[in-house]
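Q: I have a structure here, written as C-alpha cells, and I will follow up with some questions on it.
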Amino acid sequence: MTDEDKKRLNTFEGKLRHLLYLYDEEKKKNAALKKLLAEKEAELQRVDNSRKELEASYTYLKAARIVSINDNELRDTKQRLARLVREVDKCIALLNE
Numbered sequence: 049m050t051d052e053d054k055k056r057l058n059t060f061e062g063k064l065r066h067l068l069y070l071y072d073e074e075k076k077k078n079a080a081l082k083k084l085l086a087e088k089e090a091e092l093q094r095v096d097n098s099r100k101e102l103e104a105s106y107t108y109l110k111a112a113r114i115v116s117i118n119d120n121e122l123r124d125t126k127q128r129l130a131r132l133v134r135e136v137d138k139c140i141a142l143l144n145e
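Sequence positions in the sequence shown follow this note's numbering and run 49 to 145.
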C-alpha cells in the first residue's frame, strides 16, 4: 500500500466517522422531534376533551335556562300569544265579511 493510498484511506475513514457522527446527531434530533410530537398530540387530545366537556356543559346550561323560565316571563309570553291570537281572529273576521 502506497503513501497515497494510506492518505486516501485516512481521508475516507475521517469522512466516514464524520458521516456517522452526523447520522447519530440526526437520530437524536429525530427522537426529540418524535417525543415533542407525542407530547403535542397528547396536549391536543386533552384540549379536545376539554372542549367537548365545555360544549356539553353549555348544552346543559341552555336546557336549564329554558326550563327555568320564571313566572313573569311565562305570563308575558302568554299575553303576547293571546294578543296575536286576537289579532288573527280579527283578520279572519274581516276576511269573512
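Even glycine gets a Cβ: it sits at the ideal position worked out from N, Cα and C. Values in this document were obtained by computation on a predicted structure and should not be read as measured data.
1. In this structure, does DSSP put Thr50 in helix, strand or coil?
2. Quick check on Glu91: does DSSP put it in helix, strand or coil?
3. With a CB to CB cut of under 6 Å and the five nearest residues on each side skipped, what residues in its chain are close to Val95?
4. Once DSSP output is grouped into helix, strand and coil, what is the label at Glu74?
A: Reading it off the structure:
1. Locating residue 50 in the sequence shown gives position 2, counting from the first residue. Looking at Thr50 - three-state DSSP - the assignment turns out to be coil, as it is neither helix nor strand.
2. For the purposes of this step, residue 91 is identified with residue 43 of the sequence shown, where counting begins at 1. Reduced to three states, the DSSP call for Glu91 is helix.
3. Taking the sequence shown and counting its residues from 1, the one referred to as residue 95 is at position 47. Correct list: empty, nothing qualifies.
4. Along the sequence shown, one-based indexing puts residue 74 at 26. Three-state result, Glu74: helix.
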